[in-house]
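Report on one structure; see the data block that follows.
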Amino acid sequence: MGVTVRQADADDAVNGVPPRWVALPETVEEVSAVLRTCAERDLAVVPAGGGTKLHWGPPPERCDVLLDMCCMNAVLEHAAGDLVVRAQAGVTMDALAAALADKGQELALDPPFAEYTTVGGTLATATAGPRAFRYGTARDLLIGITVVLPDGTIAKSGGKVVKNVAGYDLGKLFTGSQGTLGVIAEATFRLHPLAADRRWLVAETEVSDDVLLRLAASQTEPSAVEIDCPDGKNTTVAVLVEGSAAEARAVALREVLGDGTVTAEAPEWWGLILRDEVLLEARFPPARTVEALAAAGEAGFSFRGSAAAGRAYLESRDDVPEDELAATVTRLRARLEALGGRVTVLATPYEGVDRWGQVSALPLMRRIKERFDPGRRMSPGRFVGGI
Amino acid sequence: METLTAALRSLLPHDSVITDPVRLRTYECDGLTYHRATPGVVVLPDTAEQVARVVRVCNDFGVPFVARGSGTGLSGGALPREDGVLIVTSKMRRILEIDLDNRRAVVEPGVTNLAITEAVRDRGYYYAPDPSSQQVCSIGGNVAENSGGAHCLKYGFTVNHVEACEIVTPNGDLVTLDRMDPGYDLLGAFVGSEGTLGIATKITVRLSRAPEAVTTVLAAFESIEQGGQAVSAIIGAGIVPAAIEMMDALAIEAAEAAVACRYPEGAGAVLIVELDGPQAEVERQFTQLTEICSGAFELRVAADAAERAAIWKGRKSAFAAVGRISPAYIVQDGVVPRTSLPGVLAAIDRLSQEHGIRVANVFHAGDGNLHPLVLFDDAEPGAGERAEVVSGAILDLCVEHGGSITGEHGVGVDKARYMPKMFSADDLDTMQLVRCAFDPRGLSNPGKVFPTPRLCGEVPGVRKGVHPLVESGKAEQL
Numbered sequence: 001m002g003v004t005v006r007q008a009d010a011d012d013a014v015n016g017v018p019p020r021w022v023a024l025p026e027t028v029e030e031v032s033a034v035l036r037t038c039a040e041r042d043l044a045v046v047p048a049g050g051g052t053k054l055h056w057g058p059p060p061e062r063c064d065v066l067l068d069m070c071c072m073n074a075v076l077e078h079a080a081g082d083l084v085v086r087a088q089a090g091v092t093m094d095a096l097a098a099a100l101a102d103k104g105q106e107l108a109l110d111p112p113f114a115e116y117t118t119v120g121g122t123l124a125t126a127t128a129g130p131r132a133f134r135y136g137t138a139r140d141l142l143i144g145i146t147v148v149l150p151d152g153t154i155a156k157s158g159g160k161v162v163k164n165v166a167g168y169d170l171g172k173l174f175t176g177s178q179g180t181l182g183v184i185a186e187a188t189f190r191l192h193p194l195a196a197d198r199r200w201l202v203a204e205t206e207v208s209d210d211v212l213l214r215l216a217a218s219q220t221e222p223s224a225v226e227i228d229c230p231d232g233k234n235t236t237v238a239v240l241v242e243g244s245a246a247e248a249r250a251v252a253l254r255e256v257l258g259d260g261t262v263t264a265e266a267p268e269w270w271g272l273i274l275r276d277e278v279l280l281e282a283r284f285p286p287a288r289t290v291e292a293l294a295a296a297g298e299a300g301f302s303f304r305g306s307a308a309a310g311r312a313y314l315e316s317r318d319d320v321p322e323d324e325l326a327a328t329v330t331r332l333r334a335r336l337e338a339l340g341g342r343v344t345v346l347a348t349p350y351e352g353v354d355r356w357g358q359v360s361a362l363p364l365m366r367r368i369k370e371r372f373d374p375g376r377r378m379s380p381g382r383f384v385g386g387i
Numbered sequence: 001m002e003t004l005t006a007a008l009r010s011l012l013p014h015d016s017v018i019t020d021p022v023r024l025r026t027y028e029c030d031g032l033t034y035h036r037a038t039p040g041v042v043v044l045p046d047t048a049e050q051v052a053r054v055v056r057v058c059n060d061f062g063v064p065f066v067a068r069g070s071g072t073g074l075s076g077g078a079l080p081r082e083d084g085v086l087i088v089t090s091k092m093r094r095i096l097e098i099d100l101d102n103r104r105a106v107v108e109p110g111v112t113n114l115a116i117t118e119a120v121r122d123r124g125y126y127y128a129p130d131p132s133s134q135q136v137c138s139i140g141g142n143v144a145e146n147s148g149g150a151h152c153l154k155y156g157f158t159v160n161h162v163e164a165c166e167i168v169t170p171n172g173d174l175v176t177l178d179r180m181d182p183g184y185d186l187l188g189a190f191v192g193s194e195g196t197l198g199i200a201t202k203i204t205v206r207l208s209r210a211p212e213a214v215t216t217v218l219a220a221f222e223s224i225e226q227g228g229q230a231v232s233a234i235i236g237a238g239i240v241p242a243a244i245e246m247m248d249a250l251a252i253e254a255a256e257a258a259v260a261c262r263y264p265e266g267a268g269a270v271l272i273v274e275l276d277g278p279q280a281e282v283e284r285q286f287t288q289l290t291e292i293c294s295g296a297f298e299l300r301v302a303a304d305a306a307e308r309a310a311i312w313k314g315r316k317s318a319f320a321a322v323g324r325i326s327p328a329y330i331v332q333d334g335v336v337p338r339t340s341l342p343g344v345l346a347a348i349d350r351l352s353q354e355h356g357i358r359v360a361n362v363f364h365a366g367d368g369n370l371h372p373l374v375l376f377d378d379a380e381p382g383a384g385e386r387a388e389v390v391s392g393a394i395l396d397l398c399v400e401h402g403g404s405i406t407g408e409h410g411v412g413v414d415k416a417r418y419m420p421k422m423f424s425a426d427d428l429d430t431m432q433l434v435r436c437a438f439d440p441r442g443l444s445n446p447g448k449v450f451p452t453p454r455l456c457g458e459v460p461g462v463r464k465g466v467h468p469l470v471e472s473g474k475a476e477q478l
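Chains as they are written, first to last, in the UniProt record's numbering: chain Z, 1 to 387; chain R, 1 to 478.
In structure tokens form, the structure reads like this:
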């Protein structure tokens, strides 16, 4: 056996930086062998899943090897009675969902690009979907992880039981680490039974914070309260209810919203990212949703995301020059930070745009990076503070 | 120690530094009383800034420090150091902010778990993680141990309900870790790190909306096997109850002796199932549950809050209650995958018979978290040792079945030696990278969690040489 490696071509570029080789490991041991070899030769590595978000984040300072995890696409263990699944990092979210649905279960994560995005990519970027309001994000559903460190060390933490407090939770640390600490090779998640029924209440209507809060706090227990505002003016609100008597509960929520149609189909924009040449993520206190929505609209962004969880994707409607975008982001960030929120630029073609804003624990983060990747070979420069 | 004490006295009010040997003894152990050590000095800071100053002094003197909340931990996580400073957060018990619109509360670490719920209950909210000691345990301790409780199966653990923490890092910096910030999830790594990565001085927790309906059911089975089958069937039916708790005959006997809980007579096992959520959802699940539990010889449904409390009374008092039927006991805290429960319970029974040591089983059946109470008479020579053997063998069983050596009590000093059973040297070395990033000098609660602390100067991991694949030329593609 040997690790399959091919010469890279222009399509393999990571945000404009072409690697020299693409490695296609098929096992954790092969990932380890690749990283060890790279360590010996001081080659920089960028791990990749389905590539749906490879252009997010700053370009790597250097990139010799693209570690394509596509061959590690096995669902290793679905313990249905334990509501647990263990999968390799390269399994796509849709493939995982299909495997779990056979037994009437699901991983309650609904990240964008589910057809192509992988378990590893979803974890590394910590993308979340509408139902994060009820079920939490990837870090909340992840119960065990196997990672490969830049020197080739294979390490695991957590396990395959939901309740477990033995040792440090490396899964949390790697979730959202953008490939800068090592490679996520396998992940174990807690699952949920597929909902018996599902309804959306959808209304094209203006919203107030008060109504949004009453929706979120309703004892009919919606799984998500989402807003779509493509043009800064027209808003659509959609509320998802899952479980028994979903229809009746959705109808009850219509009383709160004062408007809307109850349907068995998600709105077509539900949980999607439609345009991500320039893409921002806004976080804000749920009670300040209307102000966040207005700020995004005035800055020229569409707004799609969770009112209840205080997290939305902002897409740029127009092509704007670098200076203008940088200034717009600065203004928007100042406005949301005054509300207690944050603005992160997930994707932009421009290097002159501050992607992260203030990061409160940056010195600690740098020390983590130095310990895990002293040679700065893992996705160098792709994360906060140039980590 | 004297110059250290003098330095601490210059930072804190006089009555916040304790050196009197008698008073120091008060702090010699936490809830796990068979590990004891008298702290060198105890401080009771009032503010985060004071905690930071104390930690900086410890750094100046190179002495270890240990944080302690209410001291209810069951793994010796707050066991003091004789050569160090014990930082007690009991004066820091203010609820700083309650923001129901954003479903959060900001509290100091000494606030008790239940106090948070009590502050918002009238307005229809509560704080979900509920360790059995919730009346007294502090939220800071909960954060350190990532404490759970009966409702974790459905609602998750402390880490899922903490939005931000202000911490004092092991070198004395005051830093905020916030889920909302970009960057590494240091908050996720910090929660459950058992005081080895610093001390939480301000905690933002998420509040949950009280459910529309709650139904609590007690099902009595003739045997523990039948009870176990019912648990599997409940999960198999797609029901995620708020709690599923099980007690065996011996645990019931103890609870009966202690609090007269009046559980059905002659039960080999009782199951307590709590369903909550929207009314319609609870009704459907209750119908399914009744069918699944048709093999039970008695099914009680709580008609009101008082009856619910009566059902829970026996379960909540079980640990303390075994004192009525045994002079001494060890509370174990292992986890197995739920489907392994029947096999593991049978194996525990065999262990019990082999060693002549009674084991009472009380557990969170829904998530496979066992709390076997290993009973012995400490007056009987050798009994304590036999109980230790049984207790350790139960942990081995848990690891063999793919479970964990601790579900909620933590590793502390008590289980550090078991860590290598669950994790490889590489796994542990990798965790040490996190430790070294936060605490390069190893002063924050040393001796806990890890069996063999390595110096942070040593670089773990790079000790393998060339991989066989590369050596044999088979991986020579780069």
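Quick reminder that beta carbons are idealized off the backbone N, C-alpha and C, glycines included.
None of these values were measured; they are calculated from a predicted model.
Taking the CA atoms as reference points, Z/A287 sits about 10 Å from Z/R214. Nearest CB-CB separation between R/S326 and chain Z: not below the 8 Å threshold. In terms of beta-carbon proximity, Z/E255 stays away from the interface with chain R, with every pair separated by 8 Å or more.
Just so you know, the alpha carbons of R/F286 and Z/A264 end up roughly 25 Å apart.
When DSSP states are grouped into helix, strand and coil, Z/I227 belongs to the strand group. Residues are counted here when their Cβ sits less than 7 Å from a Cβ of chain R; for the segment 159–178 of chain Z these are G159, K160, V161, V162, K163, N164, V165, A166, G167, Y168, D169, L170, K172, L173, T175, G176, S177, given in chain order. Boundaries for Z/I368: no beta strand (DSSP E) harbours it, while the alpha helix (DSSP H) harbouring it runs 362–372, taken from the DSSP string. The segment 110–120 of chain Z makes contact with the segment 81–95 of chain Z, as at least three CB pairs between them are under 8 Å. Taken atom to atom, the span from the alpha-carbon of Z/A33 to that of Z/G152 is near 6 Å. Chain R places no beta carbon closer than 8 Å to that of Z/L24, leaving this residue out of the contacts. Comparing C-alpha distances from R/Y126 to each of R/Q134, R/T117, R/S133 shows the shortest one belongs to R/T117. For the 8 Å CB-CB criterion, R/D248 and R/N102 do not form a contact. Under the Cβ criterion of 8 Å, R/M1 is not counted among the residues facing chain Z.
Of the candidates R/P13, R/V111, R/S70, R/L218, the residue whose Cα lies closest to the Cα of R/K313 is R/L218. Here R/G192 is not near R/G141, since their CB atoms are 8 Å or more apart. Straight across, the Cα-Cα distance linking Z/A89 with Z/V165 is about 23 Å. Assigned with DSSP and collapsed to three states, Z/A252 falls in helix. In chain order, V278 place their CB closer than 6 Å to the CB of Z/T348, counting only its own chain and leaving out the 5 sequence neighbours on each side. Within the same chain, Cβ atoms closer than 6 Å to the Cβ of Z/R6 are found at V22, the five residues on either side in sequence being excluded. Considered as a whole, the segment 266–312 of chain R harbours 279–292 as its complete alpha helix (DSSP H) runs of no fewer than 4 residues, in chain order. Across the segment 275–286 of chain Z, CB contacts with chain R closer than 8 Å involve R283, P285, P286, in sequence order along the chain. With a contact defined as Cβ atoms closer than 8 Å, R/V399 and R/G447 miss out at about 22 Å.
Only exposed fits Z/D42, as fewer than 16 other CB atoms lie within 10 angstroms of its CB.
At a cut-off of 8 Å between C-beta atoms, Z/D82 counts as an interface residue with respect to chain R.
Three or more beta-carbon pairs separated by less than 8 Å link the segment 298–308 of chain Z to the segment 222–236 of chain Z, which places the two stretches in contact. Using a CB distance cut-off of 8 Å, Z/K233 does not count as an interface residue toward chain R.
R/G31 and R/V331 have their C-alpha atoms spaced approximately 11 Å apart. For Z/I154, the chain R residues whose C-beta falls within less than 8 Å of its own C-beta are D426, listed in chain order. For R/M247, there are no neighbours in chain Z by C-beta distance under 8 Å, as the nearest C-beta there is about 18 Å away. Z/V46 is positioned such that its CB atom lies closer than 8 Å to that of Z/L66. At least one C-beta of chain Z is nearer than 8 Å to the C-beta of R/N369. Within the segment 42–64 of chain R, not one residue has a Cβ closer than 9 Å to any Cβ of chain Z. Taking CB atoms only, Z/E221 has a neighbour in chain R less than 8 Å away. At a cut-off of 8 Å between C-beta atoms, R/R338 counts as an interface residue with respect to chain Z. Residue environment for Z/E204: exposed (fewer than 16 other C-beta atoms within 10 angstroms of its C-beta).
With contacts defined by Cβ atoms closer than 8 Å, Z/G243 and Z/A294 do not form a contacting pair.
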